[in-house]
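Here is the structure we will look at.
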Amino acid sequence: MKNRTLTLTVVFAALGVFITILSIYVHRGLLTSQKHGLPLIATAKNARSEVAQTSLQLHKYLTGDTNVGVEQQVQGPLEAVKAQLQAAQDNKLAAGEVSHFLDDETLQLIRQGIADLEKLAASNQASIDQLVKTPKPVADSTGVVPPAPKIALAESPYTDFNNAMLKLETHVTDMVESDSSFYSGMGWLVGFLLIAIIAGAVFRLWRLQIDTKRMKIEQDTRLEQTGKAVASLSSFIEAISAGDYTAEVALEENSALGESLHKMRNKLRENADDDRKRNWSTSGLAQIGEILRVNNASKTELYDSIIKFVVKYTKSNQGGLFIFNNDSETDQFLELVACYAFERKKYLNKRIVVGEGLVGQCYLEGERIYLLEVPTEYVTITSGLGGSLPSALLLVPLKVNDKIFGVLELASFNKYEEHEIELVEKLTESIASTISAVNVSESTRILLEKTQQQAEEMRAQEEEMRQNMEELEATQEEMRRKEKHIQNMLDSEKKRNEISLKNRQLIMELTKNKDIQDGRWHETLEKITSAITRQLGVSRASIWQYFGAEKKLHCAKLYSQVKGSFESGQELSARMYPGYFEALTSEETIIAKEALTHPATRELAMEYYRGTGIQSVLQVPYFNEGKIAGVINCEQQHDQKDWTEEDVEFLKACADLITVAYNTHRINEMLEQLSDDQETMQTIIDNIPRAVFWKDKDLRFQGCNRIFANVAGLKSPKDLIGKTDYEMPWKEHGDAYRDDDLAVMNSRKARLDLEERNVNSDGIESWVLTSKVPVLNKHAEVVAVLGMFEDITERKRKEALMESSLVELEELRRLVQKRAS
């Protein structure tokens, strides 16, 4: 589009130069014809007039008029006429050059006139000589003087000279008229060419207006879409930052950015769900531990508290706790010691033989049983409104150290999630440990009672009692060890939660960071790399970009905690490290405590790791548009580091941030490109060889090109935006201009190439060629008016001068015809 506009501009400029040159040629030709022709015509007329006057004076002289001076009034004028004709022949007339008309015929006529003039002078001299020789009449006797004899003038020389001058005058007049006709035709040609160029320019401007309108509509559409996308993206990011992982982002269909953002949202939601599940499990273990520690005075209260907590915490509808009863070696069975359903305790008595039913089978196999299709009549969840079969049934053995103490049975109308089942299994392990401890305590209590009742027998069996006490101490030590193990597990889980919380807080801070939200790529990389080194306590953190076509990694940003500075530019290629790139492109996380010997990173040991003292490496890939885009690299120098699951999850969250920042960076580049397109459009408008402007519905200027800005006395077209005609140098004509604009907008009809006369406050007159067209939006509503004008004062001046010259030439032609007739 820009090249076509430039080409048309050059073509119209060339045509304008050609027409200007042609106009100058016509004007100069007419002036030359008049300048060279009029002196010759005037010379011929003057010669005829002077010769006629001398002939008249000579006739008076010959008839006896003594007041006539022959030298001054007859011979002198003839000599002057002869000198003037000779000057014309030599192109030395004082009135101006006549070389344009000194052709052979003209020169022949001038020479003929000079020859006839010499004959006339000779004839006149002969008549004068004859008059001198003729005696004067003498009075007769009566005193009467007879009339002097008449001396006739020769008519032939005078007639010949007069005819020669008439021919010269007619010949030059014909040449002037011929030149006038030629240059008149050239003038018409100039007019036709000017009309054709103006028509072409108008057509081109019309086409340019249509293209501009279409481009503006497309630009507005793109801006509107981009604005909506940016607003949707901002709302999406704010919702995600606030923890709303159900938010949707409205972008174009099949948008890679939309898919990436949804993947990020899903990943964050999964992380949040994992954290929720982990916190839920941790809280459940802590609460059951508290229950097991507090409620150990009575077995019944303990069992009731256990089943009540498990049913309510897992949101089950019903639950039962079966404990293995081996009081009698011949009668061993599973006894229902506690049952809870619908927020209240159930008072049921039930015993199940080992291996009988699902409960007995679960105890016998020592493995959990999870059913989604419960057998009919197996169990019914009832309420005051009726009863129904549960949708899910879960049976978990109470097992610790491969010893089973009972079975926990849960029934629900909802399905159990895997993390809920895992929590129940962990709870059963703690419950089994507590039941084991309670059983031991109960046994100890029974033994102590028996000891008191059988004091005498105990003394006899002191050795046996000592052994029992040692066993009891060993059991208590085992209980303390298990309790310590559980406490260690809780402390470890609490520490992991604290680390995860700090990681999430840092991720949230990075998410709210202005540079990351605005897509400032290098600032984003610096903030993330420095944050990683502080959070994970590593020596170095870097972000590498992967170029799949070239199969190489480029270090976009590396932060060294020791140096406290950033580096970039290092590259790794698949040609030098094929094994490492194979592991990288598998899109898996690389966790290398011993980086020098790890299969994925050992190729880097000699040239990269040993020179920097790197011992441990953790690498997490980040993605864009579903493909690997690079890797986050954490390096520990001089000593090895045990990488935790929390470290990996933190880097994955950072990878999601990098993907978002990269896509935001790309959006910013698209917006900058759009801004460049707007500047290109302004450049095109600035190169239109007319002053161009446009106003909105309120007749406020919304833009113009540089020609219009210069006319308005402004430094830049931007200074015009928002102003009205009343704020312009032509404010005195503001009402007329605004009425004209409103007429175009209300009529919806364009006004093209109207010549308007302006007179400023100093009385200086100027002419402009004005065109105005209404601008419609996609709903066919008039939203603006587009105008353009061109100063044609110089052209009007030339046209007036040409018209004046033509009138003068026509007057001269009529005068010549009148003289000739």
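The opening residue of the sequence shown carries number 196 in the working numbering; numbering runs sequentially from there.
C-beta atoms are modelled at their ideal positions from N, C-alpha and C, and glycine is treated no differently.
Problem - First through last residue of the beta strand (DSSP E) which encompasses Gly774 - result: From DSSP, Gly774 is part of no beta strand (DSSP E) but of the alpha helix (DSSP H) over 773-780.
Handout entry: Helix, strand or coil at Glu583 [DSSP, three-state]
Key = The sequence shown places Ser at residue 583, not Glu. Three-state DSSP puts Ser583 in a strand.
Problem - Rounded straight-line distance, which links the Cα of Asp468 to that of Glu454 - result: 20 Å
Handout entry: Endpoints, the alpha helix (DSSP H) within which Thr965 is located
Key = First-last for Thr965: 960-971, but that is the beta strand (DSSP E), not the alpha helix (DSSP H).
Exercise for the section: Taking the CB atoms as reference points, tell me whether Val826 and Leu767 lie closer together than 8 Å. Expected result: no
Practice task
Along the beta strand (DSSP E) that carries Trp739, what are the first and last residues, could you check?
Solution key: 735-742
Exercise for the section: Name, in chain order, the residues that DSSP records as bridge partners for Trp925. Expected result: In the DSSP output, where bridge partners are listed per residue, Trp925 has none listed.
Handout entry: Runs of alpha helix (DSSP H) wholly within the stretch 495-520 (minimum 4 residues, chain order)
Key = none
Problem - Residues that Ile747 bridges to, as DSSP identifies them - result: For clarity, residue 747 is Lys in the given sequence; the question names Ile instead. DSSP output for Lys747 lists Phe742, Ser768 as bridge partner(s).
Handout entry: Distance, His614 Cα to Lys411 Cα
Key = 57 Å
Exercise for the section: Return the CA-CA distance between Ala310 and Ala282, expressed in angstroms with no decimal places. Expected result: 15 Å
Exercise for the section: Go to Gln1012, then tell me how far its alpha helix (DSSP H) extends in each direction, as first and last residue. Expected result: 988-1015
Exercise for the section: Closer than 7 Å by C-beta to Ser999: which residues in its own chain qualify, once you throw out the five before and the five after it? Chain order, please. Expected result: There are no such residues.
Practice task
Check Gly898 in the structure and name its three-state DSSP category.
Solution key: strand
Practice task
Quick one: grab the DSSP three-state call for Val246.
Solution key: helix
Practice task
Can you tell me which of the three DSSP states Val977 falls into?
Solution key: strand
Problem - Cβ-Cβ distance between Lys918 and Phe896 below 8 Å - result: With respect to Phe896, Lys918 sits close: the two C-beta atoms are nearer than 8 Å.
Practice task
Could you say which of Phe356, Glu777, Ser631, Ser607 lies nearest to Asn596 if we only look at CA atoms?
Solution key: Ser631
Exercise for the section: Would you kindly report the start and end of the unbroken beta strand (DSSP E) that includes Val1034? Expected result: Given a span of 196 to 1016 for the chain in the structure shown, any question on residue 1034 remains unanswerable.
Practice task
Following the continuous beta strand (DSSP E) through Glu762, name the residue where it begins and the one where it ends.
Solution key: 760-762
Problem - Where Leu529 falls: helix, strand or coil (DSSP) - result: strand
Practice task
Measure the alpha-carbon distance for Leu1010 versus Phe377 and round it to whole angstroms.
Solution key: 20 Å
Exercise for the section: Check whether the Cβ of Lys697 sits closer than 7 Å to any heavy atom of the ligand FAD, and report yes or no. Expected result: Here there are no bound small molecules, and the ligand FAD is not part of this structure.
Practice task
Enumerate in chain order the residues of its own chain whose CB-to-CB distance from Glu313 is below 8 Å, with the five nearest sequence positions on each side excluded.
Solution key: Lys277
Practice task
With DSSP collapsed to three states, give me the class of Gly422.
Solution key: helix
Problem - Boundaries (first-last residue) of the alpha helix (DSSP H) holding Tyr558 - result: 552-560
Handout entry: Distance, Leu315 Cα to Phe356 Cα
Key = Distance between Phe356 and Leu315, taken at the CA atoms: about 8 Å.
Exercise for the section: Consult DSSP for Phe608 and reduce its assignment to one of helix, strand or coil. Expected result: Reduced to three states, the DSSP call for Phe608 is coil.
Handout entry: Ala824 (DSSP reduced to helix, strand or coil)
Key = strand
Problem - Residue from Met997, Leu605, Ala795 whose Cα sits closest to the Cα of Val505 - result: Leu605
Exercise for the section: With Leu273 as the anchor, note down where its alpha helix (DSSP H) starts and where it stops. Expected result: 271-284
Problem - C-alpha gap between Ala751 and Ser737, whole angstroms - result: Each residue's alpha carbon lies about 8 Å from the other.
Problem - First through last residue of the beta strand (DSSP E) which encompasses Ala787 - result: 785-787
Practice task
Could you check if Val1002 is buried or exposed, using at least 16 other CB atoms within 10 Å of its CB as the buried criterion?
Solution key: exposed
Handout entry: Cβ-Cβ distance between Asp986 and Ser966 below 8 Å
Key = no
Exercise for the section: Look at Ile392 and Ile214 and say whether their C-beta atoms are less than 8 Å apart. Expected result: Taking 8 Å as the Cβ cut-off, Ile392 and Ile214 qualify as a contacting pair.
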